[in-house]
Each structure stands twice: as C-alpha cells, then as structure tokens.
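Data first, discussion second: the structure below is written as structure tokens.
Protein chains: 2
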Amino acid sequence: MAAQRGSKVALHRWIKEQLERKFGAGSLAPGQRLPSESEIMNSFGVSRHVVRLALAELAKEGVIHTERGRGSFVNPPKEIHPITSLTSYHTLMEERSLDASIRVLRNRPVTVTKALATRLGLVDGEQVVELIRVGRISGKPAVLMVSHLPYSLCKGLPARDMNTGSLYEYLEDECGLSLAYAENYIEVAFATREQARYLGVSPGSTLLLIEGLVYDQSGQPVEFSRVFYRGDRFKLFFESTKEDGVPGTKVRIGGRTSPL
Amino acid sequence: MAAQRGSKVALHRWIKEQLERKFGAGSLAPGQRLPSESEIMNSFGVSRHVVRLALAELAKEGVIHTERGRGSFVNPPKEIHPITSLTSYHTLMEERSLDASIRVLRNRPVTVTKALATRLGLVDGEQVVELIRVGRISGKPAVLMVSHLPYSLCKGLPARDMNTGSLYEYLEDECGLSLAYAENYIEVAFATREQARYLGVSPGSTLLLIEGLVYDQSGQPVEFSRVFYRGDRFKLFFESTKEDGVPGTKVRIGGRTSPL
DNA sequence: AAGTGGTCTAGACCACTAG
DNA sequence: TAGTGGTCTAGACCACTTT
Chain A
1309 MAAQRGSKVA LHRWIKEQLE RKFGAGSLAP GQRLPSESEI MNSFGVSRHV VRLALAELAK
1369 EGVIHTERGR GSFVNPPKEI HPITSLTSYH TLMEERSLDA SIRVLRNRPV TVTKALATRL
1429 GLVDGEQVVE LIRVGRISGK PAVLMVSHLP YSLCKGLPAR DMNTGSLYEY LEDECGLSLA
1489 YAENYIEVAF ATREQARYLG VSPGSTLLLI EGLVYDQSGQ PVEFSRVFYR GDRFKLFFES
1549 TKEDGVPGTK VRIGGRTSPL
Chain B
1309 MAAQRGSKVA LHRWIKEQLE RKFGAGSLAP GQRLPSESEI MNSFGVSRHV VRLALAELAK
1369 EGVIHTERGR GSFVNPPKEI HPITSLTSYH TLMEERSLDA SIRVLRNRPV TVTKALATRL
1429 GLVDGEQVVE LIRVGRISGK PAVLMVSHLP YSLCKGLPAR DMNTGSLYEY LEDECGLSLA
1489 YAENYIEVAF ATREQARYLG VSPGSTLLLI EGLVYDQSGQ PVEFSRVFYR GDRFKLFFES
1549 TKEDGVPGTK VRIGGRTSPL
C-alpha cells in the first residue's frame, strides 16, 4: 500500500478516509469487524498512533465502534426517534410495543441541589423525587431519562413501580396535576462515566440531550427532565406545519417514525 | 503536584478533571489562556501525550478551544437559539437586529445529485438552486445554511440578492408558493473541512444539524435544507404546550430566547 | 528567534477477550 | 496463551504566531 501521500493533509486523516472508503457502510455490513490496529499499521506502513487517531475519528462520527480485546466493528445506521416532550417515552413504547421497554434505575427522594432548586422554584433543603430510567429498544439501551420532581407534588411516586406506565399519566391521574407547557433545550452533550455505563457507550461519547422544564397549569414547575440519546445512533424527528399568519410555526411532536 | 494517582481511572482523564477544576468556567474567564502544553506537562509530571488527550477532551466538550501557535483558551457559554424551521433565520435576525447578519456563499443552479433527486422528487439530470448562507451573530459565524430547491419553482432565485430578506417570504411572495409543512430531523454531525472553514472551527468538530424537507400545500417538495450549528456554542430552544386530548404535543417554534 | 500547538515514530506495559 | 484495544513515555519535526 503506502500510496502517494502528497500535499499537506494530515496522515491520520488520509488513513481515515481510506478506511472509510474500504470499510464504510456498503462495503462492510454492520457488525462486521475491521482489521486490527496492527494489521492496519502494517498495511499502510504507519505508526500505531495515526491508526488510532483515524479509528477514533471514525468512532466519534458513529461509523464504527471499538471493543477492548475484540476489535473495531461497523455500526448500523442511526435510529429515528420522535422528539420526546410532554408526550412520554411510554407513548413511543405503545407504538412499537414489541421491542421497547423501560427499566427504572432509581426512584427515590433526595435533597435538591442548588441548580435544581433554582429551576424547580424550591428552596434549599427541600426534597425532590429522583427518577432515573433507561429506555431500551430491541434490548439495547437507547435513551437515559433523568427526572426530578418536587416531592411535595408526588409523594407516592417512589413507592410506585415505574417500569410500566407513563410518568405523565401518573402525574395527571394520581397526583391531580394538570401539565400545561414546557421549555425545552436540545444540545450536544458528552457521556459521563455513569451515563456511559447505562447507555453502553464509552465515556466522552457524543450524546443528544433534551432538557425540559415542565410546568403545571398554574405555572408551577413540575418536572425537570434530561433525556440523553446516543448521538451516534439517533436522529430526532419532528414535523412542522405552517398556520395562517401566526409569527411562528406549529409543530406536531411524535409524527411517524418512517425512515428518511 | 503529581498527587495520588490511586485506583484505576486513566491518567489523562484525571488530568482533564484537574484542569477543569482549575480553569473551568468560573475560575477563568472566557477568552483567558490556559497554561501551555509543556507547562501542564511539567506541573503534573506527565508526558505530552496525556496532556493532549486531556485538552482534546475538554475541547470536544466545548469547554476550551485551541489555536495553533497561540495556546488553549476558555470558551464562553453556549448561545441559545430557537429551532429554525419554516420560520427562517431571517426572523431571528429581526428579533436581534443589531448583531445578526447573513452572508451568501453560493446561489446558483446545479444538477441534482441522486440523494437530492430522491428527496425533492426530481429525476436525474434536473436542475436545483443551491443556496448556501452563513449566519453571523456578533460578527462570528454561527450557523451554516445549505438549501436546495427545484430550479423550476424559483428560476429567479439565483439572480436575487439573498443577503437580505427571508427565503420563505421570497418563495411565497414572488414564486407563488404556499409552504405547508416540513419533516425535520435533528442529529449530531461532524464538520467537514469546508464546513469547518465556514464556521470557524476545526475539521471534525461536533455540530448540531437540522435537516428539513419543506412541502408545498400540494404536497410537492419545495426545499431540502440542512442547517448546521456549532455544537459547542449552541442550544436549540423550543416551547411545547399540551392541548386537550390530542395524542401529541403542540410546539410553538421560535419562543423567547431568554437564558435558562 | 522563541514559543505554541499539530503530527508522527518507536516502544512499552496493561486490561480484556477468546480459544 | 495469544491477540486485541487502552494507556503512557520519550523524542522528533513541522506549521504557525508572536516578539
């Protein structure tokens, strides 16, 4: 191999492009193993460092992933997921009942942190219910949902089995709350060690984060939620429709999940 | 320094945490320079490689950025931006008229690619208008907007100066189109060399991508757009309101941009 | 010219996986 | 045990920025 390494493009970028060309989607099926790092080293005649830089770049982009002691493998294409806000993950589950499930990791009262107290309009020392759930699709961890709710509004929540049932239905039907609106922020985040463990990715992986603050009809904050998706595995979908002269756009969340 | 490097956490991760603690937001103001790589090497007594791994991790997360020949610098916090779909960037400009602007990079007819033809319902060989614009906020590149529209629907577009005025207003007022709805996908992307140049980031940087396919009232595809935001600098904002028994959620796009 | 980050080599040891 | 990826060291040269 070796080939002409003309011009000024960095060697590891060039190697990355070669690997993408040879093993990218299409030429190698999802799940297939790439050559080992030492094999790539030899075939291109470069040091291990540049091979690792190239593979790391491909992994960051979600094209491949690596497993210690096993090798690097081609990833399947991204899943498409309707944006989750006020319409819960549970609603999605009902649509794809066969392969979606929820597992509760934590459901217990804790003392608020300062940042949480500000968001939920609580004072220092108050209690909130911390509800942490992992949503699985086809058995694989897909989404990490972290919710915090004022304990005073849902004292019965920690005792409740949230492995089934919608959180929002519970809040409305059994806590007498009437959810009205939410402010949401979508951003890129990176997996902490704990999040990485739950989502089955390596620490520092790219995540899509939807942060939401849900309000009661009285304007009282009811839930602060953070929903983490694997950035290499998901697209968020929403459908928007334009209505008359309104200086904004109406969006229906939770449209179809058909492929692009 | 050196300190106890007990247990099993990787050295570069530990260094990263130390740096974050010492120089993270709060202790060092945005724009301030961090110690050089060799200074960090010496102060921790580690090799340059682990220092670079730690700095790269911080850069990926948007905490810092590095400039060749100059050093590493603390980043300002993320901007908050309402989701752009059907309501154009131009609308945002009007809201913050002082510091937002658009610059057109390309506006010309080209032959469709296969992927584009599929999305826009065109046949091979047809022409589309390629409109590429960079939105700036406070003079700095903020968002890269890449639009493709069937040439037959807007023959006058390439001759039009799109540095001012809204694309959607142009389509409705001067092309006789009535925009109805759009399908949108939000995902993580990574900057190509070209995108990186336009956005003032390094290749491979994390981006937030909104892909949108906008339809006419007759159901005809009118525009395929891709809007790229710097992932380390932006949050997308939307507000959702729940309405009666609809199995979905109404979202008003383009709410206020007040800070979290 | 001096200092900075960007790239690359060579070699080592470790942790994990699989036969 | 052999092979894999994960981590780390030491040293080198280059491209770029600043003085």
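Chains as they are written, first to last, in our numbering: chain A, 1309 to 1568; chain B, 1309 to 1568. Built from N, CA and C at the ideal position, the CB exists for glycine as well.
#1: Work out the CA separation of Leu1413 (chain A) and Gly1447 (chain A) for me, nearest whole Å.
#2: Assuming Arg1411 (chain B) and Asn1471 (chain B) form a contact by the criterion Cβ under 8 Å, report the distance between their Cβ atoms to the nearest whole angstrom.
#3: When the Cα of Met1349 (chain A) is compared with those of A:Glu1434, A:Val1358 and A:Arg1427, which residue comes out closest?
#4: Ignore the nearest five residues each way along the sequence and tell me which others in Leu1361 (chain A)'s own chain have a CB closer than 7 Å to its CB.
#5: What's the C-alpha gap between Val1509 (chain B) and Lys1368 (chain B)?
#6: Which of the three DSSP states is assigned to Gln1528 (chain B) in this structure?
#7: Do the CB positions of Ile1494 (chain B) and Leu1515 (chain B) come within less than 8 Å of each other?
#8: Is there a C-beta anywhere in chain A that falls below 8 Å from the one on Thr1549 (chain B)?
#9: Find the residues of chain A that neighbour Thr1514 (chain B), judging by a C-beta separation of less than 7 Å, and give them in chain order.
#10: Just verifying my parser: in three-state terms, what is the DSSP assignment at Asn1350 (chain B)?
#11: Drop a sphere of 10 angstroms on the beta-carbon of Glu1491 (chain A), count the other beta-carbons inside from all chains shown, and report buried for 16 or more, exposed for fewer.
#12: For Ile1445 (chain B) and Val1496 (chain A), what's the separation of their Cα atoms in angstroms?
#13: When burial is assigned at 16 or more other CB atoms within 10 Å of the CB, is Ser1566 (chain B) buried or exposed?
#14: Per DSSP, which one or two residues make a beta bridge with Pro1343 (chain A)?
#15: List the residues of chain B whose Cβ lies closer than 9 Å to the Cβ of Phe1545 (chain A), in chain order.
#16: In chain order, what residues of the same chain have a beta carbon less than 8 Å from the beta carbon of Asn1415 (chain B), not counting five sequence neighbours either side?
#17: Name the chain A residues that come within less than 8 Å of Leu1457 (chain B), Cβ to Cβ?
#18: State the start and end residues of the unbroken beta strand (DSSP E) segment that holds Ala1364 (chain B).
#19: Of all the residues that make up the region 1344 to 1365 of chain B, which are near chain A by a beta-carbon distance shorter than 7 Å?
#20: Given that a residue counts as buried once 16 or more other Cβ atoms are within 10 Å of its Cβ, and exposed if not, what is Gly1339 (chain A)?
#21: The alpha helix (DSSP H) with Tyr1459 (chain A) in it runs from where to where?
#22: Using only alpha-carbon positions, find the residue among B:Arg1505, B:Val1530 and B:His1456 that is nearest to Tyr1489 (chain B).
#23: Decide if Val1317 (chain A) is buried, meaning its Cβ has at least 16 other Cβ atoms within 10 Å, or exposed.
#24: Could you say which of A:Phe1331, A:Gln1525, A:Lys1386 and A:Glu1328 lies nearest to Arg1541 (chain A) if we only look at CA atoms?
#25: In or out: Glu1375 (chain B) buried (at least 16 other Cβ within 10 Å) or exposed?
#26: What's the gap between the Cα of Val1354 (chain A) and the Cα of Leu1521 (chain B)?
#27: Please classify Gly1484 (chain A): is it buried, with 16 or more other beta-carbons within 10 angstroms of its beta-carbon, or exposed?
#28: Using 8 Å as the limit for Cβ to Cβ distance, is Ala1450 (chain B) near chain A?
#29: For Ser1486 (chain B), which of B:Ser1455, B:Val1420, B:Phe1532 and B:Gly1527 has the nearest alpha-carbon?
#30: Assuming Leu1452 (chain A) contacts Tyr1506 (chain A) (C-beta within less than 8 Å), just tell me the rounded distance between them.
#31: Taking C-beta to C-beta, are Pro1449 (chain B) and Leu1430 (chain B) nearer than 8 Å?
#32: Using a 10 Å radius around the Cβ and a threshold of 16 neighbouring Cβ atoms, would you call Ala1337 (chain B) buried or exposed?
#33: My output table needs one value for Glu1328 (chain A): the three-state DSSP class, helix, strand or coil.
#34: Would you mind telling me which residues of chain A sit closer than 7 Å to Glu1369 (chain B), beta carbon to beta carbon, in chain order?
#35: Would you tell me roughly how many angstroms separate the C-alpha atoms of Ile1388 (chain B) and Glu1347 (chain A), rounded to the nearest one?
#36: Taking Gly1539 (chain B) as the query, report the chain A residues whose CB atoms sit under 7 Å from its CB, ordered along the chain.
So, to answer that:
#1: Per the coordinates, the alpha-carbon of Gly1447 (chain A) lies some 16 Å from the alpha-carbon of Leu1413 (chain A).
#2: Yes, they are in contact, since the Cβ atoms of Arg1411 (chain B) and Asn1471 (chain B) sit about 6 Å apart, within 8 Å.
#3: A:Val1358
#4: His1320
#5: 11 Å
#6: coil
#7: No, Cβ-Cβ distance for Ile1494 (chain B) and Leu1515 (chain B) is not below 8 Å.
#8: yes
#9: Val1496 and Thr1514
#10: helix
#11: buried
#12: 20 Å
#13: No answer about Ser1566 (chain B) holds up, because its pLDDT of 27 lies below 50 and its placement is not dependable.
#14: In DSSP, Pro1343 (chain A) forms no bridge with anything.
#15: The answer, in chain order, is Glu1491, Asn1492, Tyr1493 and Ile1494.
#16: Val1437, Glu1438, Leu1439, Ile1440, Leu1465, Pro1466, Arg1468 and Met1470
#17: Within 8 Å Cβ-Cβ: nothing; Leu1457 (chain B) doesn't reach chain A, min ~17 Å.
#18: No beta strand (DSSP E) holds Ala1364 (chain B); the alpha helix (DSSP H) holding it covers Arg1356 to Lys1368.
#19: Glu1365
#20: exposed
#21: Looking at the DSSP string, Tyr1459 (chain A) is not in any alpha helix (DSSP H), and its letter there is neither H nor E.
#22: Of the residues B:Arg1505, B:Val1530 and B:His1456, the one whose Cα lies closest to the Cα of Tyr1489 (chain B) is B:Val1530.
#23: exposed
#24: A:Lys1386
#25: exposed
#26: 43 Å
#27: Within a 10 Å sphere around the beta-carbon of Gly1484 (chain A) sit fewer than 16 other beta-carbons, which makes this residue exposed.
#28: With 8 Å as the cut-off, Ala1450 (chain B) does not count as an interface residue toward chain A.
#29: B:Gly1527
#30: 5 Å
#31: No.
#32: exposed
#33: helix
#34: Phe1498
#35: 46 Å
#36: Val1496
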